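Everything below concerns the one structure shown next.
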Amino acid sequence: MFKKLLFVSLGVISLSSMIGAGSKNSIQIKGSDTMVNLGQAWAEKYMEKNPGEFIAVTGGGSGTGLSSLISASCDIAMSSRNIKDKEIGLANKQGVNPNEIKVALDGLAVVVNPANLVDKLTVDQLAGIFTGRISNWKELGGKDEKIVVLSREVNSGTHVYFKEHVLRKNDSNSREEFSPGALMLSSSQAIADEVAGNSSAIGYYGMGYISAKQKPVAIAKDETSEYVEPVIENVINNKYPISRPLFLYTNGLPKGLVQRFVDFALSEEGQKIVLATDFVPVKK
């Protein structure tokens with residue numbers, strides 16, 4: 002399905018570039034790699050229903066999307082994190098007024114290679130792994146192998162969320178950082194591919210990227226808590242410890258095609274697409 006959507010997206014981009022971004026029947030959507038398949042699925046179905054309108058969807062990370070919104074080079078930014086105060090300040094200087102719209106929920110899956118013996122971890126153990134304090138799988142009941150730590154790059158909203166909520170445990174005074182030896186990869190798919198081919202690797206991404214080539218790890222808040230798997234039901238009931246909202250950002254209240262697309266994303270049909278792409282709807 003993802004290959005099909007990518008093909009559609011590339012086709013949309015070429016059509017949009019001929020018409021020109023910002024024209025009344027064409028919009029550009031940029032940002033979160035976590036959300037890119039969802040955005041493409043929304044765009045494909047929307048254009049089926051509205052053949053005279055064109056929507057280009059590209060990834061690049063939440064920071065890239067928000068920067069594009071600030072510079073008026075896209076109409077909608079997709080983001081897997083809240084916009085920062087600094088970004089709001091930059092936007093306001095450019096005459097842009099970011100408007101936040103929550104469109105879905107996501108559970109961040111922590112994944113290892115299927116050959117890895119480790120299948121559950123606490124949040125504290127995760128922080129130890131990703132900061133480098135825990136460096137060998139044998140410390141966690143696995144094989145005597147050096148842990149290969151994979152992270153999204155710093156421009157990614159997923160990277161920011163994981164650092165703030167796992168490494169720093171929501172402590173605004175914490176200065177914990179990813180291990181200097183962590184491999185910073187450009188996309189969630191790159192992490193999925195590396196984990197699939199490396200028995201020592203561990204990484205994280207939105208649970209929509211999980212496949213049989215990776216093994217999701219059950220996560221517990223602490224040693225006395227239940228270990229919970231990253232599945233939709235556990236995100237809905239707020240049991241999974243690493244869950245987050247997903248957003249669309251527009252410049253001010255949406256109008257025209259931007260408004261129609263946002264309305265579609267939040268419609269019953271749009272929220273069914275959220276579920277079909279392994280995210281959690283915000284509206285039933």
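To convert a position in the sequence shown, counted from 1, into this note's numbering, add 1.
We put the beta carbon where it would ideally sit given N, CA and C, even for glycine.
Note that the structure is predicted; figures quoted are calculated from it, not measured.
Going by the DSSP bridge assignment, what does residue i pair with across the sheet?
i      : result
Ala183 : In the DSSP output, where bridge partners are listed per residue, Ala183 has none listed.
Thr123 : Ala221
Glu101 : Tyr250
Ala44  : In DSSP, Ala44 forms no bridge with anything.
Gly32  : Gly61 and Met79
Arg153 : Leu186
Val37  : Bridge partners of Val37: none, in fact.
Lys147 : Asn137
Ser27  : Phe55
Going by DSSP, what residue range makes up the alpha helix (DSSP H) through residue i?
i      : result
Lys273 : Glu269 to Ala277
Ile192 : Ser189 to Gly198
His166 : Element bounds for His166: n/a, residue is neither H nor E.
Could you check what DSSP says for residue i in three-state terms: helix, strand or coil?
i      : result
Tyr205 : strand
Leu141 : helix
Arg261 : helix
Leu109 : strand
Leu118 : coil
Val232 : coil
Ile89  : helix
Ala55  : Note on identity: in this sequence residue 55 is Phe, with Ala being the wrong assignment. Phe55: strand per DSSP, three-state reduction.
Val281 : strand
Lys256 : coil
Lys240 : coil
Lys50  : helix
Lys216 : strand
Ile84  : coil
Ile130 : helix
Gly96  : coil
Taking only heavy atoms of the ligand ADP into account, decide whether any of them is closer than 8 Å to the Cβ of residue i.
i      : result
Thr123 : What this structure holds is no ligand at all, so the ligand ADP is not there to describe.
What residue does the beta strand (DSSP E) around residue i start on, and which one ends it?
i      : result
Ser175 : Unbroken run through Ser175: none, as it is neither H nor E.
Ser63  : It is not in any beta strand (DSSP E) - Ser63 instead sits in the alpha helix (DSSP H) that spans Ser63 to Ile71.
Phe248 : Ser244 to Asn252
If I measure Cβ to Cβ from residue i and keep anything under 8 Å in the same chain, skipping five residues before and after, which residues do I get?
i      : result
Ala221 : Lys121, Leu122, Thr123, Val124, Glu227, Tyr228, Val229 and Pro242
Lys216 : Val112, Val113, Asn114, Pro115, Asn117 and Asp120
Pro181 : Gly133
Gly142 : Leu118 and Val119
Buried or exposed: where does residue i fall if 16 or more other Cβ atoms within 10 Å of its Cβ makes it buried?
i      : result
Leu186 : buried
Thr225 : exposed
Ala303 : Residue coverage of the chain in this structure runs from 2 to 285, which leaves residue 303 outside it and unanswerable.
Pro99  : buried
Ser157 : buried
Asn235 : buried
Ser10  : Reliability fails at Ser10, whose pLDDT of 37 lies under 50, so the model's placement of it is uncertain and the value that follows must be treated cautiously. With 16 or more Cβ atoms within 10 Å of its Cβ, Ser10 is classed as buried.
Val161 : buried
Gln126 : buried
Gly129 : buried
Ser81  : buried
Val155 : exposed
Lys31  : buried
In chain order, what residues of the same chain have a beta carbon less than 6 Å from the beta carbon of residue i, not counting five sequence neighbours either side?
i      : result
Tyr210 : Ser189 and Ala193
Pro255 : Val263
Asp145 : Lys139
Gln272 : Pro282 and Lys284
Leu70  : Ala78 and Tyr250
Asp107 : Gly207, Arg245, Leu247 and Phe280
Excluding the five sequence neighbours on either side, which residues of its own chain have a C-beta within less than 7 Å of the C-beta of residue i, listed in chain order?
i      : result
Ser175 : Arg169
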